[in-house]
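Structure record follows, encoded as structure tokens.
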Amino acid sequence: MPRQESGAGAEARADGPGAVGARRFLLCLYLVGFLDLFGVSMVVPLLSLHVKSLGASPTVAGIVGSSYGILQLFSSTLVGCWSDVVGRRSSLLVCILFSALGYLILGASTNVFLFALARIPVGIFKHTLSISRALLSDLVSEKERPLVIGQFNAASSVGFILGPMVGGYLTELDGGFYLTAFICCCVFLLNAGLVWLFPWREAKLSRTEQGRPAGDSPAPWGRTDPPEQQPATPRQSTASTRPARPPWAEVASTLRDMKSLVFSEMWDIFAVRLLMAVAVMLYYSNFVLALEERFGVRPRAAGCLISYSSALGALGGLALGPLLRLYGHDGRAILLRSSALTCLLLLLHAAARSAALAALCTALLAVSTAVGRTCVTDLQLAAGGARAGGTVIGVGQSVTAVGRIVAPLLSGLAQETLQY
Numbered sequence: 000m001p002r003q004e005s006g007a008g009a010e011a012r013a014d015g016p017g018a019v020g021a022r023r024f025l026l027c028l029y030l031v032g033f034l035d036l037f038g039v040s041m042v043v044p045l046l047s048l049h050v051k052s053l054g055a056s057p058t059v060a061g062i063v064g065s066s067y068g069i070l071q072l073f074s075s076t077l078v079g080c081w082s083d084v085v086g087r088r089s090s091l092l093v094c095i096l097f098s099a100l101g102y103l104i105l106g107a108s109t110n111v112f113l114f115a116l117a118r119i120p121v122g123i124f125k126h127t128l129s130i131s132r133a134l135l136s137d138l139v140s141e142k143e144r145p146l147v148i149g150q151f152n153a154a155s156s157v158g159f160i161l162g163p164m165v166g167g168y169l170t171e172l173d174g175g176f177y178l179t180a181f182i183c184c185c186v187f188l189l190n191a192g193l194v195w196l197f198p199w200r201e202a203k204l205s206r207t208e209q210g211r212p213a214g215d216s217p218a219p220w221g222r223t224d225p226p227e228q229q230p231a232t233p234r235q236s237t238a239s240t241r242p243a244r245p246p247w248a249e250v251a252s253t254l255r256d257m258k259s260l261v262f263s264e265m266w267d268i269f270a271v272r273l274l275m276a277v278a279v280m281l282y283y284s285n286f287v288l289a290l291e292e293r294f295g296v297r298p299r300a301a302g303c304l305i306s307y308s309s310a311l312g313a314l315g316g317l318a319l320g321p322l323l324r325l326y327g328h329d330g331r332a333i334l335l336r337s338s339a340l341t342c343l344l345l346l347l348h349a350a351a352r353s354a355a356l357a358a359l360c361t362a363l364l365a366v367s368t369a370v371g372r373t374c375v376t377d378l379q380l381a382a383g384g385a386r387a388g389g390t391v392i393g394v395g396q397s398v399t400a401v402g403r404i405v406a407p408l409l410s411g412l413a414q415e416t417l418q419y
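Quick note on numbering that gives the first Met the number 0: the sequence shown kicks off at 0 and runs consecutively.
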């Protein structure tokens, strides 16, 4: 048994059955993250090859790829805020089901128009991991949050280990891409069923009374479960007597409250997130295609390489606990060093003249980006406080979406210009 356990595990010894239920709920969330990235990673590395097989030029492929980022830009903040208002359970189910619809359409895409159409529901509703991280933030204390989010990212990365291998194998069969997209749809439907069957009543919030009054926001899992009867404080009594407002009004109010916070206290964090997103997504946007054209690496071998690097990324997420102790829980110091390492590895990969050096850089990049991503998310939540975790993460995803818009366009233009 490791010396330092996760937040829910530590609470289990002190608080008894309630914390054991919270630990069980955390494990269920880890499974959601695993299935989400398992399904996505079967398809996403193959998108550039498929759209090219449909006859799209690199520039058109870049525009279609950017459409996903444009939709994420506008939907991330709204969906995150919506999850704060209506609850995590309802928002998770809706997002997973509409994402499944998008991958079902992708499995029937025999032309560029259907391919672009399939990206619309995915671009709007593919926020499973963001809502899950917001729910994790609701479940654990601030000190335990980076460790638990790191474990969640590690569990999700396990899905990214298996998915590319399965997708790379299936795509070499006749009609393999369409079969892969259909399997991805089925994985999302399975994920929705698991969320529906989650032990929501066993989840025990550790931060309900720490930063957010009970009357200001519904429970993270929605309004389906009756709250426990507790003596009402004067502030809670006042909040309970306020007239109920429709969800859209609650969303607008939360966004107004977050506006000043984002622009005054969090602009530097989001600037770092934007630069990281553009650099990493520019690297991954045509990863499989670049390996094939530069070194003659087949999609199956590229899928195995992605799986191998994802395994190292999962180890990087698990190693975040020792790193936090080493740096005295200074997330900014860890982020600075991981960003410097990412920059160096990207330069080495661009200059690589052999597939072996490129594979080494890819593996180490998975570790550095996994650590950096977790640190940025924790810094966002620490600056935003407990009042609207879904909104804070949603704004961060909108910033990342800008990278999803810029990276495919830059990649397509670079290929068109340099014939790389």
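Cβ coordinates follow ideal geometry from the N, Cα and C atoms, glycine included. As the structure is a computational prediction, the values presented were derived from the model and not from experiment.
Query	Result
First and last residue of the alpha helix (DSSP H) that includes residue 199?	Unbroken run through residue 199: none, as it is neither H nor E.
Which ranges does the beta strand (DSSP E) cover as unbroken runs of at least 3 residues, wholly within the region 48-95, from first to last along the chain?	none
State the Cα-Cα distance for the pair residue 171 and residue 86, rounded to the nearest angstrom.	42 Å
Decide if residue 173 is buried, meaning its Cβ has at least 16 other Cβ atoms within 10 Å, or exposed.	exposed
What is the rounded straight-line gap between the Cα of residue 79 and the Cα of residue 129?	8 Å
Sort 188, 297, 121, 401 by Cα distance to residue 271 and report the nearest one.	401
Secondary structure at residue 413, three-state DSSP: helix, strand or coil?	helix
Thinking C-beta only, is residue 382 closer than 7 Å to residue 488?	Given a span of 0 to 419 for the chain in the structure shown, any question on residue 488 remains unanswerable.
On the CB-based measure, 16 or more other CB atoms within 10 Å of its CB, does residue 107 come out buried or exposed?	exposed
Give me the Cα-Cα distance between residue 335 and residue 274, rounded to the nearest whole angstrom.	13 Å
How should residue 316 be labelled, buried or exposed, when 16 other C-beta atoms within 10 angstroms of its C-beta is the threshold for buried?	buried
Within this structure, are the beta carbons of residue 74 and residue 119 separated by less than 7 Å?	no
The ligand FAD and residue 162: does any heavy atom of the ligand fall closer than 6 Å to the residue's C-beta?	Annotation note on the ligand FAD: not contained in the displayed structure, which lists no ligands.
Alpha carbons only, please: which of 64, 134, 332 is nearest the one belonging to residue 410?	64
7 Å is my cut-off, CB to CB: does residue 280 come that close to chain C?	Annotation note: the requested chain C is absent from the structure, which comprises a single protein chain.
Could you tell me which uninterrupted alpha helix (DSSP H) segments, each at least 4 residues in length, are contained entirely in the region 327-357, listed from first to last along the chain?	330-350
Please return the same chain residues whose Cβ sits closer than 6 Å to the Cβ of residue 121, not counting the five positions on each side in sequence.	98, 101
Is it buried or exposed for residue 125, if we count other Cβ within 10 angstroms and need 16 for buried?	buried
Look at the alpha carbon of residue 218 and the alpha carbon of residue 298, and state the distance between them as a whole number of angstroms.	Unreliable placement is indicated for residue 218, whose pLDDT of 42 sits below 50; the coordinate value is still reported in the next sentence. In a straight line, the C-alpha of residue 218 is about 44 Å away from that of residue 298.
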